[in-house]
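A.B. asks:
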Amino acid sequence: MMNTMNANHSRRRILAKMGQGLGVLVTLPLAAQMSHAQTAAAGRTVTVPHAKGEVQVPFKPVRVLVFELAALDTLQALGGEVRGVPEFKMPPLLARYADAKYARIGSLFEPDYESIQALSPDLIIVGGRSEAKYKELSRFAPVLDLSVSDQHQMADIYRNIRTLGAVYGLQDKAEAEVRSVEQAITGLHGKAQDAGKGLVLLTSGGKLSAYGPGSRFGMLHDVFGVKPAIDNLTVARHGQVVSFEFLLKTNPDWLFVIDRDVAIGQDGKTAQQLLDNPLVRATKAWRGKQVVYLNAANWYTLSNAGPGALKANIQQLSDAFTRT
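Quick note: the sequence shown uses our numbering, first residue 29, plus one each step.
(1) Going by CA-CA distance only, name the one from 128, 144, 344, 209 that's closest to residue 134.
(2) So is the beta-carbon of residue 113 under 7 Å away from any non-hydrogen atom of the ligand GTP?
(3) Roughly how many angstroms separate the alpha carbons of residue 105 and residue 334, rounded to a whole number?
(4) Looking at the unbroken alpha helix (DSSP H) that takes in residue 344, where does it start and where does it end?
(5) Let me know the secondary structure DSSP gives residue 195 once reduced to three states.
(6) In the DSSP assignment, find the alpha helix (DSSP H) that holds residue 250 and state where it starts and stops.
(7) Excluding five sequence neighbours on each side, which residues of the same chain lie with their C-beta closer than 7 Å to the C-beta of residue 185?
(8) Which partner residues of residue 225 appear in the DSSP bridge assignment?
(9) Just how far apart, CA to CA, sit residue 310 and residue 73?
(10) I'd like to know if the segment 148-159 and the segment 88-104 are in contact, where contact means that at least 3 CB-CB pairs between them fall below 8 Å.
(11) Alpha helix (DSSP H) containing residue 238: first to last residue?
(12) Is it true that the CB of residue 285 sits closer than 8 Å to the CB of residue 229?
(13) Would residue 172 and residue 85 qualify as a contact pair, given that the criterion is a beta-carbon distance under 8 Å?
(14) Grab me the residues of residue 313's own chain with a C-beta within less than 7 Å of its C-beta, minus the 5 sequence neighbours each way, in chain order.
(15) Whole angstroms is fine: what's the gap from residue 159's alpha carbon to residue 136's?
(16) Taking 8 Å as the cut-off, does the segment 215-228 touch the segment 250-257 (at least 3 CB pairs, one atom from each stretch)?
(17) Going by DSSP in three states, residue 53 sits in which element: helix, strand or coil?
(18) Please confirm whether residue 156 and residue 331 have their CB atoms less than 8 Å apart.
(19) Expressed to the nearest angstrom, what Euclidean distance is found between the alpha-carbon atoms of residue 82 and residue 75?
(20) Could you please give the first and the last residue of the uninterrupted beta strand (DSSP E) stretch that includes residue 321?
(21) Taking only the alpha-carbon atoms, compute the straight-line gap between residue 107 and residue 198 and give it to the nearest angstrom.
(22) May I have the straight-line CA-CA distance separating residue 306 from residue 267, to the nearest angstrom?
(23) Using DSSP with H/G/I as helix, E/B as strand and the rest coil, what is residue 179?
(24) Here's a check: name, in chain order, each residue in its chain whose Cβ is nearer than 7 Å to the Cβ of residue 77, leaving out the five neighbours to either side.
(25) I'd like to confirm the pairing. Which residues does DSSP put opposite residue 75 in its beta bridges?
(26) Which word fits residue 205, buried or exposed, when buried means at least 16 other C-beta atoms lie within 10 angstroms of its C-beta?
(27) Could you say which of 130, 100, 168, 103 lies nearest to residue 112 if we only look at CA atoms?
(28) Is DSSP giving residue 95 helix, strand or coil here?
(29) Residue 232: which of 299, 240, 345, 243 sits nearest, CA to CA?
(30) Tell whether a beta-carbon distance below 8 Å holds between residue 121 and residue 293.
(31) So, helix, strand or coil for residue 148, using DSSP?
(32) Would DSSP call residue 268 helix, strand or coil?
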């Protein structure tokens, strides 16, 4: 009798273990059907694309240090947590990050490694100006490089919005931002193509530089659809140095001006003062009242690479074309 009881007990234990095993087998297909974000949430990490390929980062991080201003623009739109920001006079669009509750982690170019170590970050975000510090910052936490290439700006911007959406579990908000930007661009493109030819001009310390398609400010032509006033401008980070005589010879229908001194808070002659001279006044752009002083902070400081800056800049251009 005792042997029979023992045998029955053993069989029940075996069946119980088999049942547990079957339970695992049953749940595996369900796990395989889980979304990438759900799977990452369970493991507290997520693998996302960035400028250097792919990187594994914490899911829904809290102690996030952000050097890239366009990423702050995106996180402001999505609602992601930020703990530390650069020591910098924040542009109006990012005024909230001037609050002392956000720790200061160095400049746009040079991290303060002691402050970073003390903050024990979960994630660090870099971009164009801070990308060179990627390797050193990787000693403290996983690093996202959200740099944007001049050659495929919008693809990189959309990638960055979606990457941050995936990191914070805010994919729906990220897709909504992408759609909103796409719709704004479509609306502007129709107006821009019939507006005439334009030239992007950067003023800095009394000097002039021009930018065309494929450049850091080439989005005006490559994405927004403004026809370039000249096709053979040198594509360089600091543009092609030009003169007032060049502006008169090129004679664009539109001048789109970015005042770098205003963007970085540097004193000096403003772009309006600099361009108010006989040569510029003789251009079609000036005579037609088609000189547009672009939002310098959005174009230069934020690199026109976050949804807030993008939509504000698109609206400014749309308003300018509508008035003509």
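All C-beta atoms, glycine included, are put in the ideal place defined by N, C-alpha and C.
C.D. replies: On the basis of the coordinates in this document:
(1) Considering only 128, 144, 344, 209, the residue with the shortest C-alpha distance to residue 134 is 144.
(2) With respect to the ligand GTP, the structure offers nothing, as it holds no ligand at all.
(3) Whole-angstrom Cα-Cα distance: 9 Å.
(4) 335-351
(5) helix
(6) Here the alpha helix (DSSP H) through residue 250 covers 247-250.
(7) 176, 333, listed in sequence order.
(8) 255
(9) Cα to Cα, residue 310 sits roughly 60 Å from residue 73.
(10) yes
(11) Unbroken run through residue 238 is the beta strand (DSSP E), 235-239; no alpha helix (DSSP H).
(12) yes
(13) The beta carbons of residue 172 and residue 85 sit closer together than 8 Å.
(14) Sequence-distant partners of residue 313 (beyond 5 residues in either direction) whose C-beta falls short of 7 Å from its own C-beta, in its chain, are 280, 281, 282, 283, 319.
(15) 10 Å
(16) yes
(17) The predicted position of residue 53 is uncertain, since its pLDDT is 29 and thus under 50; a value taken from the coordinates is nonetheless stated next. Helix at residue 53.
(18) Result yes, Cβ atoms of residue 156 and residue 331 sit closer than 8 Å.
(19) 6 Å
(20) 319-321
(21) 8 Å
(22) 24 Å
(23) coil
(24) 187, 191
(25) 84
(26) The Cβ neighbour count for residue 205, taken over all protein chains shown within 10 Å, is at least 16; the residue is labelled buried.
(27) 130
(28) Three-state DSSP puts residue 95 in coil, outside helix and strand.
(29) 299
(30) No; because the gap between Cβ atoms is not below 8 Å, this pair is not in contact.
(31) coil
(32) strand
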